[in-house]
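Residue numbers (the numbering used here): 1080 to 1340.
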């Protein structure tokens, strides 16, 4: 992966891109007059992360670009700020101040919802094992401006970590997080999901293991939550109670920690 900027970047944007490249241990290339095609052909690299004033993009020569945006997470966040319920938050039983470990951050929409509901006293950690996605997510959350102060503050509060969930869970003490959340790549994709399809080129496609679920149960104080396609066999395979929603294509499965024998 290499990091660059858009055309004629402000000095502060170029400096930000250089700092990010140094922190990640990857190459920074000053954009100059290079087109993206010329940049790829001259410098190689599987991905290019483009740092912009209030955004960031991730590109591959053979894939649609990914741009950081909370997408439906922004719409859901506005509803939560108005006091409406949200199926994920309700399934998790999340209360203001709860801590959350999002084990499969992706583009961060769910982490944003947890941070909005949790408020200033909560601690939301979002794990992303893919370095390109981590870079996109960390830079995007630190600089994206939504126009709503509470949403921007929630994005800045999220602790984004470049790690796989297995090793991160193993490092945590028993009962150290209120809620552990998984949203892995579905075993049977929803082919009409325009937001998820480009993500598949970068994300970890491995199925969730029973060992990971057991580790999450050890770490969680309140609940472990899994998002999957409605009726997926993953819920029963991994020991989750599926919370069916009328008309929904996806479901949330829950393991309530206070109900363990």
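By construction, the Cβ of each residue, glycine as well, lies at the ideal position given by its N, Cα and C atoms.
The region 1119 to 1137 makes contact with the region 1212 to 1228, as at least three CB pairs between them are under 8 Å.
In the three-state scheme derived from DSSP, where H, G and I count as helix and E and B as strand, residue 1223 is classed as coil.
Rounded to the nearest angstrom, the gap between the Cα atoms of residue 1335 and residue 1263 is 20 Å.
Partner residues in the beta bridge of residue 1322, as assigned by DSSP, are 1331.
For residue 1154, the enclosing alpha helix (DSSP H) covers residues 1151 to 1160. Per DSSP, residue 1117 has no beta bridge partner at all. Here residue 1336 carries a helix assignment [DSSP, helix/strand/coil]. Our two residues, residue 1108 and residue 1094, have alpha carbons roughly 12 Å apart in a direct line. Considering only 1105, 1128, 1213 and 1156, the residue with the shortest C-alpha distance to residue 1228 is 1156. Residue 1231: not part of any beta strand (DSSP E); member of the alpha helix (DSSP H) spanning 1228 to 1236, first to last residue. Collapsing the DSSP output to three states places residue 1189 in a helix. If the five residues before and after residue 1236 are omitted, its C-beta is found closer than 7 Å to the C-beta atoms of 1194 and 1203, all from its own chain and listed in chain order. For the set 1097, 1106 and 1086, the Cα lying nearest the Cα of residue 1115 is the one of 1086.
Per DSSP, the unbroken beta strand (DSSP E) holding residue 1178 starts and ends at 1178 to 1181.
Exclusion of the five residues before and after residue 1319 leaves 1305, 1332, 1333 and 1334 as the residues of its chain whose Cβ lies within less than 7 Å of its Cβ. Secondary structure note for residue 1203: its beta strand (DSSP E) is the uninterrupted segment 1202 to 1206.
Exclusion of the five residues before and after residue 1287 leaves 1261 and 1263 as the residues of its chain whose Cβ lies within less than 6 Å of its Cβ. Of the other Cβ atoms in all chains shown, fewer than 16 fall within 10 Å of the Cβ of residue 1090; this residue is therefore exposed. Judged by DSSP in its simplified three-state form, residue 1290 adopts helix. Distances from the CA of residue 1215 to each of 1153, 1144 and 1199 were compared; the closest alpha carbon is that of 1144. Proximity to residue 1165 across 1309, 1188 and 1146 peaks at 1188, based on C-alpha coordinates.
Residue state for residue 1144 is assigned as coil, using DSSP reduced to three classes. Boundaries of the alpha helix (DSSP H) harbouring residue 1100: 1090 to 1103, taken from the DSSP string. Across the structure, residue 1233 and residue 1152 are spaced so that their CA atoms are roughly 12 Å apart. Here the alpha carbon of residue 1105 sits roughly 10 Å from the alpha carbon of residue 1124. For residue 1317, the uninterrupted alpha helix (DSSP H) run begins and ends at 1313 to 1317, by DSSP.
In this structure, residue 1257 sits away from residue 1167, with a CB-CB distance that is not shorter than 9 Å.
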